[in-house]
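Trainee: My questions all concern the structure below.
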Amino acid sequence: MVQINLEKQVAIVTGAGRGLGKAISRKLAEAGASVMVSDLILENAEEVAAEIKEKGGTAKAFQIDVTDKAAMDAMIDGVVAEYGKLDVIVNNAGYNVIKLFADSDISEFNKLVDINLKGVYHGCHAAVRHMIKQREGKIVNTSSQAGKAPFDYHSMYSATKFGVIGMSQVLAKELGKYNINVNCICPGIVRTEMWEQNLREYDGYDNSVDPETRWGRVVSNIPMKRPQEPEDMANAVLFLCSDLARNISGQAININGGQVCV
Ligand SMILES: NC(=O)c1ccc[n+]([C@@H]2O[C@H](COP(=O)([O-])OP(=O)(O)OC[C@H]3O[C@@H](n4cnc5c(N)ncnc54)[C@H](O)[C@@H]3O)[C@@H](O)[C@H]2O)c1
Numbered sequence: 040m041v042q043i044n045l046e047k048q049v050a051i052v053t054g055a056g057r058g059l060g061k062a063i064s065r066k067l068a069e070a071g072a073s074v075m076v077s078d079l080i081l082e083n084a085e086e087v088a089a090e091i092k093e094k095g096g097t098a099k100a101f102q103i104d105v106t107d108k109a110a111m112d113a114m115i116d117g118v119v120a121e122y123g124k125l126d127v128i129v130n131n132a133g134y135n136v137i138k139l140f141a142d143s144d145i146s147e148f149n150k151l152v153d154i155n156l157k158g159v160y161h162g163c164h165a166a167v168r169h170m171i172k173q174r175e176g177k178i179v180n181t182s183s184q185a186g187k188a189p190f191d192y193h194s195m196y197s198a199t200k201f202g203v204i205g206m207s208q209v210l211a212k213e214l215g216k217y218n219i220n221v222n223c224i225c226p227g228i229v230r231t232e233m234w235e236q237n238l239r240e241y242d243g244y245d246n247s248v249d250p251e252t253r254w255g256r257v258v259s260n261i262p263m264k265r266p267q268e269p270e271d272m273a274n275a276v277l278f279l280c281s282d283l284a285r286n287i288s289g290q291a292i293n294i295n296g297g298q299v300c301v
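Reading the sequence shown from the start, the letters are residues 40 to 301 in our numbering.
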C-alpha cells in the first residue's frame with residue numbers, strides 16, 4: 040500500500056483558518072506533520088489547531104498578517120528555533136476583488152498585490168533562508184486558474200496570481216540545487232467564503248441573476264460539471280510535499296475539473 044508519511048516534518052500554512060488552508064492543514068497533520076496554522080483571524084487558526092490536536096496531531100496557531108514582513112520573518116524564525124527546522128511552507132493566504140477594470144481603484148489593487156503576491160514573497164523569503172541551510176524544503180504557493188487564463192472581472196486578482204506562478208518558477212530554478220522543490224497549485228472553483236463573496240459581487244453587475252443561478256452558471260462552465268472541494272487542493276499539496284513528488288518542481292498544477300488546461 041502506498042502511504043505518504045510526513046512524520047517529524049514541520050509545516051507552516053498561511054491563510055489556514057478556513058477554506059483551502061484549513062483543509063491543507065488538516066491533511067498535512069493527518070500525514071503526521073507538525074502544522075503551524077497561521078491566519079489573520081486568530082480565532083479561526085486556533086479552532087483548526089485545536090481540531091488537529093483533538094485528533095492526536097500536532098499543531099500551533101499563529102495570528103499573522105502575510106503583508107507584514109517582520110511578522111512573517113519572526114514567525115518562521117521562531118518555528119525553526121522551536122522545532123529545529125522547517126520542511127514545508129504553503130503560502131496560501133489570499134483575497135479577491137471582483138470588478139470591471141474600469142471600475143477598479145488603485146487602493147484595491149495595492150491590497151491584492153500586498154496579500155496575494157507580496158504575502159507569498161514574504162513567506163518564501165523567510166523560509167528559503169532556512170531551507171538553503173538545511174539543503175532541503177518544499178514550497179507550495181497557492182495561485183489559481185486565474186493565474187493562467189483570463190476570467191471576467193478578475194484583472195487585478197489575475198495579475199497577482201500570474202505573478203505567483205512566475206516568481207515560483209524562478210525560485211524553482213534558483214533553489215533546485217539546494218534540494219528545494221517550489222510548486223504552485225492552481226485551484227479552479229471551490230465554494231469557500233471567497234466564492235461566496237464572488238457570487239455576491241458578480242451579481243452587482245447583473246441584478247437579474249441571484250447568487251445560486253450565478254453559481255449554477257459557474258459550475259456549468261467546468262467540464263466535469265462539479266466544483267472542486269478544499270480536500271482536492273489538500274490532496275495535491277500533500278502529494279507535492281511528499282517524496283512521491285521529489286522530482287516535481289517549477290510546476291503550477293491545475294486542480295480544476297479540466298476548465299483551464301495550460
Ligand atoms: N476558492 C476558490 O475557488 C479559489 C480558486 C483559486 C484560488 N484560490 C486561492 O486559494 C487561497 C485560499 O482561498 P479560499 O478559497 O480558501 O479563501 P477564504 O477566503 O475562504 O480563505 C482565505 C484565508 O486567508 C486569510 N487571509 C486573508 N488575508 C490575509 C492576510 N493578509 N494575512 C493572513 N491571512 C489572510 C483569511 O483570513 C482566510 O482564512 C487563496 O490564495 C485564493 O486566492 C481559491
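In this text, a Cβ means the ideal position worked out from N, Cα and C, and glycines have one as well.
What you are looking at is a predicted structure, and each value in this text was computed from that prediction instead of being measured.
(1) Where does phenylalanine 148 fall in DSSP's three states?
(2) Look up phenylalanine 201 in the DSSP assignment and say whether it is helix, strand or coil.
(3) Give me the Cβ distance between glycine 158 and threonine 106, rounded to the nearest whole Å; I'm assuming they're in contact under 8 Å.
(4) DSSP three-state label for alanine 98, please.
(5) Can you tell me whether DSSP reads alanine 70 as helix, strand or coil?
(6) Beta-carbon separation of tyrosine 160 and methionine 206 under 9 Å?
(7) Helix, strand or coil for lysine 47? Go by DSSP, reduced to three states.
(8) Sort Ala166, Ile145 and Asn131 by Cα distance to valine 118 and report the nearest one.
(9) Taking all protein chains shown into account, decide if glycine 227 is buried (16 or more other Cβ within 10 angstroms of its Cβ) or exposed.
(10) Does alanine 88 come out as helix, strand or coil in the three-state DSSP assignment?
(11) Quick check: does the Cβ of serine 143 come within less than 8 Å of any heavy atom belonging to ligand 1?
(12) Could you check whether the stretch 46–63 touches the stretch 122–133, counting it as contact only if at least three pairs of C-beta atoms, one from each stretch, sit closer than 8 Å?
(13) Can you tell me which of the three DSSP states proline 226 falls into?
(14) Measure from the alpha carbon of alanine 273 to the alpha carbon of each residue in Gln173, Val229 and Asn218, then state which is nearest.
(15) Please report the straight-line C-alpha distance between alanine 72 and glycine 96, rounded to a whole angstrom.
(16) From valine 49 to histidine 169, what distance separates their C-alpha atoms?
(17) Grab me the residues of asparagine 260's own chain with a C-beta within less than 7 Å of its C-beta, minus the 5 sequence neighbours each way, in chain order.
(18) Flag tryptophan 254 as yes when its Cβ comes closer than 8 Å to any non-hydrogen atom of ligand 2, and as no otherwise.
(19) Please return the same chain residues whose Cβ sits closer than 7 Å to the Cβ of leucine 156, not counting the five positions on each side in sequence.
Mentor: This is what the structure gives:
(1) helix
(2) In this structure, DSSP gives phenylalanine 201 a helical state, which the three-state scheme calls helix.
(3) Their Cβ separation, rounded to whole angstroms, is 6 Å, which keeps glycine 158 and threonine 106 in contact under 8 Å.
(4) strand
(5) coil
(6) Cβ distance < 9 Å, so tyrosine 160 and methionine 206 count as in contact.
(7) coil
(8) Ala166
(9) buried
(10) helix
(11) No.
(12) yes
(13) strand
(14) Val229
(15) Each residue's alpha carbon lies about 8 Å from the other.
(16) Each residue's Cα considered, the two are about 12 Å apart.
(17) Gln298
(18) For ligand 2, the structure offers nothing, since it holds only ligand 1.
(19) Thr199, Gly202 and Val203
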